[in-house]
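The next block holds one structure in the form of structure tokens; read it before the comments.
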Amino acid sequence: QVFSMHGIPKLLQVMENDNEHLQCAAVGALRNIVFEDSENKKEVTEKNGIPILLQLLRQTRDMETKKQITGLLWNLSSSDDLKHTLISKALQPLTKSIIIPCSGWPDGDCPKEDLLHDPEVFYNATGCLRNLSSAGPEGRKMMRECESLIDSLVHYVRGSIADYQPDNKISYAIAETIVQKENGLQHIRRMLHSSEPGVQKAAASLLRNMSRYYELHKELGKT
Numbered sequence: 084q085v086f087s088m089h090g091i092p093k094l095l096q097v098m099e100n101d102n103e104h105l106q107c108a109a110v111g112a113l114r115n116i117v118f119e120d121s122e123n124k125k126e127v128t129e130k131n132g133i134p135i136l137l138q139l140l141r142q143t144r145d146m147e148t149k150k151q152i153t154g155l156l157w158n159l160s161s162s163d164d165l166k167h168t169l170i171s172k173a174l175q176p177l178t179k180s181i182i183i184p185c186s187g188w189p190d191g192d193c194p195k196e197d198l199l200h201d202p203e204v205f206y207n208a209t210g211c212l213r214n215l216s217s218a219g220p221e222g223r224k225m226m227r228e229c230e231s232l233i234d235s236l237v238h239y240v241r242g243s244i245a246d247y248q249p250d251n252k253i254s255y256a257i258a259e260t261i262v263q264k265e266n267g268l269q270h271i272r273r274m275l276h277s278s279e280p281g282v283q284k285a286a287a288s289l290l291r292n293m294s295r296y297y298e299l300h301k302e303l304g305k306t
């Protein structure tokens, strides 16, 4: 019904309004509208929705709006028809706006950003990445070459282990993303062969943490 009434373009227009409450409400509505609806997902893309969402993600400081945007991107990423579009347009902004700040990389700190006061933002972002990693060889190549993506994910999990505060919900999403990305485990292999005992210990702990998930055993066996 929303599709037939041209509601999606109107919601996208509201997102360009300066009122944060209206922006958040519009994104939340659109997130619900596209859920398990391929036509609505396609309409969002055709109406230039992805650039509008990414612009808002970069500009807003409202945590609820960030949560709704990342959740909407996760919903969109479940469509095979949109995966390559999202990789080319959203991967880098999502990495810079959410993944890197949340991970604490490359400053060497464990995650301290305000973004992690609501872990769902990070969880949504890694869920989106996990869907995109199934886009085929070319898509995985683009993800592998995305600057700082894998480094940030590995750093986050290492920091969680070092603090003895692993978040199972987030850690599994990240672990699966690392494993599914072509050559993603190379970073962990290099850590295992480091001359620094602390780095080796962190790598071993990371693998132990990831090995809790039966679904990852086949790939982890190659490490």
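The sequence shown begins at 84 in the working numbering and counts up by one. Ideal Cβ placement from N, Cα and C applies to all residues, glycine included.
Apart from the five residues just before and just after residue i, which ones in its own chain have a Cβ nearer than 8 Å to its Cβ?
i                : result
asparagine 214   : Trp157, Ser160, Ser161 and Lys166
alanine 108      : Val97
phenylalanine 53 : This structure cannot settle anything about residue 53, because the visible part of the chain is limited to 84 through 306.
histidine 238    : Ser186, Gly187, Trp188 and Pro189
Here's a check: name, in chain order, each residue in its chain whose Cβ is nearer than 6 Å to the Cβ of residue i, leaving out the five neighbours to either side.
i             : result
glutamate 103 : Asp145
leucine 174   : Cys229
glutamate 265 : Because the pLDDT of glutamate 265 is 43, which lies under 50, any placement of that residue in the model is unreliable, and the number read from its coordinates should be weighed accordingly. Closer than 6 Å at the Cβ level, and outside the excluded window around glutamate 265, lie Arg223 and Arg227.
proline 310   : Outside the displayed span of the chain (84 to 306) sits residue 310, for which this structure offers no information.
Pick out whichever of the options has its Cα sitting closest to the Cα of residue i.
i             : options                           : result
glutamate 99  : Asp120, Asn115, His89 and Leu140  : Leu140
serine 171    : Ile152, Ile116 and Arg227         : Arg227
glycine 154   : Asn131, Asp164, Asp163 and Leu136 : Leu136
threonine 148 : Leu105, Glu129 and Asn115         : Leu105
glutamate 129 : Leu169, Ile152, Asn115 and Gln142 : Leu169
lysine 125    : Pro220, Asp164 and Cys211         : Asp164
glutamine 142 : Lys179, Ser121, Arg114 and Asp120 : Lys179
What distance in whole Å lies between the Cβ atoms of residue j and residue i, which are believed to be in contact at a cut-off of 8 Å?
i              : j           : result
leucine 177    : alanine 208 : 6 Å
isoleucine 183 : valine 204  : The Cβ separation is near 13 Å, so there is no contact.
alanine 112    : leucine 94  : 6 Å
tryptophan 188 : serine 235  : 4 Å
aspartate 101  : lysine 150  : No, aspartate 101 and lysine 150 are not in contact; Cβ-Cβ is about 20 Å, not under 8 Å.
How far does the alpha helix (DSSP H) with residue i in it extend, from its first residue to its last?
i             : result
glutamate 160 : Note on identity: in this sequence residue 160 is serine, with glutamate being the wrong assignment. Note, serine 160: alpha helix (DSSP H), 146 to 160.
serine 217    : It is not in any alpha helix (DSSP H) - serine 217 carries neither H nor E in the DSSP assignment.
cysteine 185  : 183 to 186
Is residue i helix, strand or coil by DSSP?
i              : result
glutamate 122  : helix
histidine 167  : helix
cysteine 107   : helix
aspartate 101  : coil
threonine 143  : coil
asparagine 131 : coil
proline 202    : coil
cysteine 229   : coil
histidine 238  : helix
Whose C-beta lies closer than 7 Å to the C-beta of residue i among residues of the same chain, with five residues either side of it excluded?
i             : result
lysine 195    : In this predicted model, lysine 195 has a pLDDT of only 47, less than 50, meaning its place in the structure is not dependable; the value taken from the coordinates is given anyway. Within the same chain, lysine 195 has close Cβ partners Gly187.
valine 110    : Met98, Thr148, Gln151, Ile152 and Leu155
glycine 90    : none
glutamine 138 : none
glycine 132   : Leu95
arginine 114  : Gln151, Gly154, Leu155 and Asn158
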